[in-house]
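Enquirer: So the number in the numbering used here is just where the residue sits in the sequence shown, counting from 1, plus 25.
Could you have a look at this structure, given as structure tokens, before my questions?
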Amino acid sequence: MAAVGGLRRLCTVGLGAVYRNKTSKIYQYRSFRVNGVLQQQSFDSLEEKPQFPGASAEFVDHLEFIQPNVISGIPVYRVMDRQGQIINPSEDPQLSKETVLNFYQKMTLLNTMDRILYESQRQGRISFYMTNYGEEGTHVGSAAALDPNDLVFGQYREAGVLMFRGFPLDLFMAQCYASADDLGKGRQMPVHYGCKDLNFVTISSPLATQIPQAAGAAYAMKRENANRAVICYFGEGAASEGDAHAGFNFSATLECPLIFFCRNNGYAISTPTNEQYRGDGIAARGPGYGMLSIRVDGNDVFAVYNATKEARRRAVAENQPFLIEAMTYRIGHHSTSDDSSAYRSVDEVNYWDKQDHPISRLRHYMTARGWWGEEEERAWRKQSRKRVMEAFEKAEKRQKPHPDLLFSDVYLEMPLRLEKQKEAMWRHLEQYREHYPLDLYEK
Ligand SMILES: Cc1ncc(C[n+]2csc(CCOP(=O)(O)OP(=O)(O)O)c2C)c(N)n1
Ligand SMILES: [Mg+2]
Numbered sequence: 026m027a028a029v030g031g032l033r034r035l036c037t038v039g040l041g042a043v044y045r046n047k048t049s050k051i052y053q054y055r056s057f058r059v060n061g062v063l064q065q066q067s068f069d070s071l072e073e074k075p076q077f078p079g080a081s082a083e084f085v086d087h088l089e090f091i092q093p094n095v096i097s098g099i100p101v102y103r104v105m106d107r108q109g110q111i112i113n114p115s116e117d118p119q120l121s122k123e124t125v126l127n128f129y130q131k132m133t134l135l136n137t138m139d140r141i142l143y144e145s146q147r148q149g150r151i152s153f154y155m156t157n158y159g160e161e162g163t164h165v166g167s168a169a170a171l172d173p174n175d176l177v178f179g180q181y182r183e184a185g186v187l188m189f190r191g192f193p194l195d196l197f198m199a200q201c202y203a204s205a206d207d208l209g210k211g212r213q214m215p216v217h218y219g220c221k222d223l224n225f226v227t228i229s230s231p232l233a234t235q236i237p238q239a240a241g242a243a244y245a246m247k248r249e250n251a252n253r254a255v256i257c258y259f260g261e262g263a264a265s266e267g268d269a270h271a272g273f274n275f276s277a278t279l280e281c282p283l284i285f286f287c288r289n290n291g292y293a294i295s296t297p298t299n300e301q302y303r304g305d306g307i308a309a310r311g312p313g314y315g316m317l318s319i320r321v322d323g324n325d326v327f328a329v330y331n332a333t334k335e336a337r338r339r340a341v342a343e344n345q346p347f348l349i350e351a352m353t354y355r356i357g358h359h360s361t362s363d364d365s366s367a368y369r370s371v372d373e374v375n376y377w378d379k380q381d382h383p384i385s386r387l388r389h390y391m392t393a394r395g396w397w398g399e400e401e402e403r404a405w406r407k408q409s410r411k412r413v414m415e416a417f418e419k420a421e422k423r424q425k426p427h428p429d430l431l432f433s434d435v436y437l438e439m440p441l442r443l444e445k446q447k448e449a450m451w452r453h454l455e456q457y458r459e460h461y462p463l464d465l466y467e468k
């Protein structure tokens, strides 16, 4: 309770303004927000009260440093226990059978796609891959709570969000295989998806760059009065970047309809959270920025759904950012360039894989209602694998994009230096033709 009280106090910090009335007496009005509602308080400047414009506070006459653990032990909101039972019926989102089956099918389809693309990389068919194992609940729960018009900024481990929005398997495969069907025309590394029609901004690997970009986009939406929100996903490691601070602070001060969604999966490549930060995770930082914040169990798809839905509703209604820290676990290696057995134990990974997995939790929920059984599971696994394999075979056989596309889409009119580089590329390809499988590329 003490922590919650502390949070509330910190959330109400605001700015002061000075006015002079007819009798030339100085009055101060301090503005602050309580649960998003603007309040004003006046006081006489001659009183022994702090009047600094940068903080609302009282004077004290004893020296005391604020303990870093003032905000600690932020609770983890959940709806289901590990056996998929609803803990508090009033928190049950009461989604229809059809909706819940769709959640489950998207989570497992993502899992199947991950397995096949991961294996493809191991076989040398694609250059790189990143799996989403263990984080399926954070993707589907949050994506389902948004409006399709809301704009998504991802980090790179949010393929399930794009899948939930309807990005077809063919296009996932086309991107990873850099085929001629890829929306990015084969110019990005695998998993750097983007889709304008689905309001999903193309992934860029430099960590945290999406955070200030999301703040800017949300500010534009607010100014347009567009009734849209932005959601910005990032890892707990990316939250250590300076860009994260810039994005948090801009969105709070400019009061932007933005949901910051941190996937705290325990690791940033080989850096565990206990080396990544001090303090109580990422949610604890929200009050420092004047942001409403919550920590949720990211392996509970309903908790993620409820938290995102409410944050989305209020972000748009009240024009303010929200911070959601979804606690989860990265079951896979960081990427195909990583071997996580070098820095964590098999037992640790097994715990999350076997005992606290978002997919099995949702399955328990469905089984208890008689919505899903062994037979459905077997049929769905077979069908989803077949769909993924078909898309994979199609992408592998498809030609690569025309080499000229290396040079397009950056400038409206191609600068002379790029023209020259393009000519040099073709001269090189002509001269060393036997070394380049040009027949694999579109003409
Ligand atoms: C600016 C920058 N620094 C370093 C890297 C290398 N790098 C790629 S992913 C990563 C870890 C990120 O961890 P986290 O944000 O927790 O996301 P997760 O991979 O756990 O989903 C690092 C250090 C990078 N891409 N960009
Ligand atoms: Mg991480």
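C-beta: ideal position from N, C-alpha, C; glycine also.
Just so we're clear, the structure is a prediction, and the values are computed from it rather than from any experiment.
Quick check: the Cα distance between Gly306 and Arg442, rounded to an integer number of angstroms?
Expert: What you label residue 306 is simply residue 281 of the sequence shown in a count that begins at 1. What you label residue 442 is simply residue 417 of the sequence shown in a count that begins at 1. Rounded to whole angstroms, Gly306 to Arg442 spans 48 Å at the Cα level.
Enquirer: At 3 residues or longer, what runs of the beta strand (DSSP E) sit wholly inside the region 213 to 300?
Expert: 255 to 260, 283 to 289
Enquirer: Which same chain residues, not among the five before or five after Val413, have their C-beta less than 7 Å away from its C-beta?
Expert: Mapped onto the sequence shown, residue 413 falls at position 388. Spatial neighbours of Val413 in its own chain (CB-CB distance under 7 Å, excluding positions within 5 residues in sequence) are listed in chain order as Thr137, Met138, Ile141, Leu194.
Enquirer: For Asn224 and Leu176, what's the separation of their Cα atoms in angstroms?
Expert: On the sequence shown, position 199 is the one that residue 224 refers to. On the sequence shown, position 151 is the one that residue 176 refers to. So the two alpha carbons sit approximately 5 Å from each other.
Enquirer: Less than 8 Å between the CB atoms is what I'm expecting for Ile256 and Ile284, so what's the real figure, rounded?
Expert: In the sequence shown, the residue the question calls residue 256 occupies position 231. In the sequence shown, the residue the question calls residue 284 occupies position 259. The pair is a contact, with the Cβ atoms about 5 Å apart (cut-off 8 Å).
Enquirer: Run through DSSP, which three-state label would Lys74 get?
Expert: As a working mapping, residue 74 is identified with position 49 in the sequence shown. Looking at Lys74 - three-state DSSP - the assignment turns out to be coil, as it is neither helix nor strand.
Enquirer: Is DSSP giving Met450 helix, strand or coil here?
Expert: Numbered from its first residue, the sequence shown carries residue 450 at position 425. In this structure, Met450 counts as helix in the three-state DSSP scheme.
Enquirer: Counting only the same chain and skipping the five closest in sequence on each side, list residues whose C-beta sits under 8 Å from that of Phe189.
Expert: Here residue 189 refers to the residue found at position 164 when the sequence shown is read from its first residue. Closer than 8 Å at Cβ, skipping near neighbours: Lys131, His164, Val165, Ala168, Ala169.
Enquirer: Quick check on Tyr457: buried or exposed, where buried means 16 or more other Cβ atoms within 10 Å of its Cβ?
Expert: Along the sequence shown, one-based indexing puts residue 457 at 432. Tyr457 comes out exposed.
Enquirer: With a Cβ-Cβ cutoff of 9 Å, do Tyr302 and Glu160 count as a contact?
Expert: Numbered from its first residue, the sequence shown carries residue 302 at position 277. Numbered from its first residue, the sequence shown carries residue 160 at position 135. Cβ distance not < 9 Å, so Tyr302 and Glu160 don't count as in contact.
Enquirer: Which residues bound the beta strand (DSSP E) around Phe178?
Expert: Mapped onto the sequence shown, residue 178 falls at position 153. Looking at the DSSP string, the run of the beta strand (DSSP E) that includes Phe178 is 176 to 178.
Enquirer: Buried or exposed: where does Gln345 fall if 16 or more other Cβ atoms within 10 Å of its Cβ makes it buried?
Expert: Along the sequence shown, one-based indexing puts residue 345 at 320. When all chains shown are included, Gln345 counts as buried.
Enquirer: If you pair each beta-carbon of the region 415 to 431 with each one of the region 195 to 211, do three or more pairs fall below 8 Å?
Expert: yes
Enquirer: Below 9 Å between beta carbons: does that hold for Gly260 and Gln180?
Expert: Position 235 of the sequence shown holds residue 260. Position 155 of the sequence shown holds residue 180. Annotated as proximal: Gly260 and Gln180, with beta-carbon spacing under 9 Å.
Enquirer: Just verifying my parser: in three-state terms, what is the DSSP assignment at Asp86?
Expert: As a working note, residue 86 is residue 61 in the sequence shown. Correct three-state label for Asp86: coil.
Enquirer: Kindly examine ligand 2 and report whether one of its heavy atoms sits closer than 8 Å to the Cβ of Asn324.
Expert: Counted from its first residue, the sequence shown places residue 324 at position 299. No - ligand 2 has no heavy atom lying nearer than 8 Å to the Cβ of Asn324.
Enquirer: Measure the CB-CB distance between Asn289 and Ala336 and report whether it falls below 9 Å.
Expert: On the sequence shown, position 264 is the one that residue 289 refers to. On the sequence shown, position 311 is the one that residue 336 refers to. No; because the gap between Cβ atoms is not below 9 Å, this pair is not in contact.
Enquirer: Assign Met439 to one of two classes, buried (16 or more other C-beta atoms within 10 Å of its C-beta) or exposed (fewer than that).
Expert: Against the sequence shown, residue 439 aligns to sequence position 414. By the neighbour-count rule (16 or more Cβ atoms within 10 Å), Met439 is not buried but exposed.
Enquirer: For ligand 1, any of its heavy atoms closer than 8 Å to the Cβ of Gly304?
Expert: For the purposes of this step, residue 304 is taken as residue 279 along the sequence shown, with counting starting at 1. No; taking the cut-off as 8 Å, the Cβ of Gly304 has no heavy atom of ligand 1 nearer than that.
Enquirer: So, under 8 Å CB-CB, Arg103 and Val326 are touching, yes? Tell me the CB distance rounded to an integer number of Å.
Expert: By one-based count along the sequence shown, residue 103 stands at place 78. By one-based count along the sequence shown, residue 326 stands at place 301. Wrong, their Cβ atoms sit about 10 Å apart, outside the cutoff.
Enquirer: Does DSSP put Val341 in a helix, a strand or coil?
Expert: Taking the first residue of the sequence shown as position 1, residue 341 is located at position 316. DSSP places Val341 in helix when its eight states are reduced to three.
Enquirer: For Phe153, which three-state DSSP category applies?
Expert: Sequence index remark: in the sequence shown, residue 153 carries index 128 (1-based). DSSP places Phe153 in coil when its eight states are reduced to three.
Enquirer: Mapping the DSSP letters down to three states, classify Gln200 as helix, strand or coil.
Expert: The sequence position of residue 200 within the sequence shown is 175, counting from 1. Helix.
Enquirer: Quick check: the Cα distance between Leu465 and Ala205, rounded to an integer number of angstroms?
Expert: Walking along the sequence shown from the start, residue 465 turns up at place 440. Walking along the sequence shown from the start, residue 205 turns up at place 180. The alpha-carbon atoms of Leu465 and Ala205 are separated by roughly 10 Å.
Enquirer: Can you give me the C-alpha to C-alpha distance between Gly1 and Ser229, rounded to a whole angstrom?
Expert: Outside the shown range of the chain (26 to 468) lies residue 1, about which nothing can therefore be said.
Enquirer: Leaving aside the five residues before and after Leu454 along the sequence, list all residues of the same chain whose C-beta is less than 8 Å from its C-beta, in chain order.
Expert: On the sequence shown, position 429 is the one that residue 454 refers to. Pro428, Tyr461, Leu463.
Enquirer: Over the uninterrupted alpha helix (DSSP H) stretch that includes Ile141, give me the two end residues.
Expert: What you label residue 141 is simply residue 116 of the sequence shown in a count that begins at 1. Boundaries of the alpha helix (DSSP H) around Ile141: 122 to 147.
Enquirer: What's the C-alpha gap between Ala80 and Met316?
Expert: Position 55 of the sequence shown, counting from 1, holds the residue named residue 80. Position 291 of the sequence shown, counting from 1, holds the residue named residue 316. C-alpha separation (whole angstroms): 16 Å.
Enquirer: When every heavy atom of ligand 2 is checked, does at least one fall within less than 8 Å of the C-beta of Ala308?
Expert: Along the sequence shown, one-based indexing puts residue 308 at 283. Ala308: no, Cβ never under 8 Å from ligand 2.
Enquirer: Can you tell me where the alpha helix (DSSP H) holding Val374 begins and where it ends?
Expert: If you number the sequence shown from 1, residue 374 lands on position 349. Its alpha helix (DSSP H) spans residues 371 to 375.
Enquirer: Among the residues of its own chain, which have a CB less than 7 Å from the CB of Ala264, if the five just before and after it don't count?
Expert: The residue you call residue 264 lines up with position 239 of the sequence shown. Counting only Cβ-Cβ distances below 7 Å, and skipping sequence neighbours, we find Cys287, Ile307.
Enquirer: Beta carbon of Ile96, beta carbon of Gly267: below 9 Å?
Expert: Start at 1 with the first residue of the sequence shown, and residue 96 comes out as number 71. Start at 1 with the first residue of the sequence shown, and residue 267 comes out as number 242. Against a cut-off of 9 Å, the Cβ pair of Gly267 and Ile96 comes out as no contact.
Enquirer: Closer than 7 Å by C-beta to Asp155: which residues in its own chain qualify, once you throw out the five before and the five after it? Chain order, please.
Expert: The count along the sequence shown starts at 1 and reaches residue 155 at position 130. Going by the sequence as given, residue 155 is Met instead of Asp. The residues are Tyr181, Arg182, Val216, Ser360.
Enquirer: Mind checking which residues open and close the beta strand (DSSP E) that includes Ala351?
Expert: Within the sequence shown, the letter at position 326 stands for residue 351. Its beta strand (DSSP E) spans residues 347 to 352.
Enquirer: Alpha helix (DSSP H) containing Arg410: first to last residue?
Expert: In the sequence shown, the residue the question calls residue 410 occupies position 385. Start and end: 399 to 422.
Enquirer: CB Met105 to CB Tyr390, shorter than 9 Å?
Expert: What you label residue 105 is simply residue 80 of the sequence shown in a count that begins at 1. What you label residue 390 is simply residue 365 of the sequence shown in a count that begins at 1. Yes, Cβ-Cβ distance for Met105 and Tyr390 is below 9 Å.
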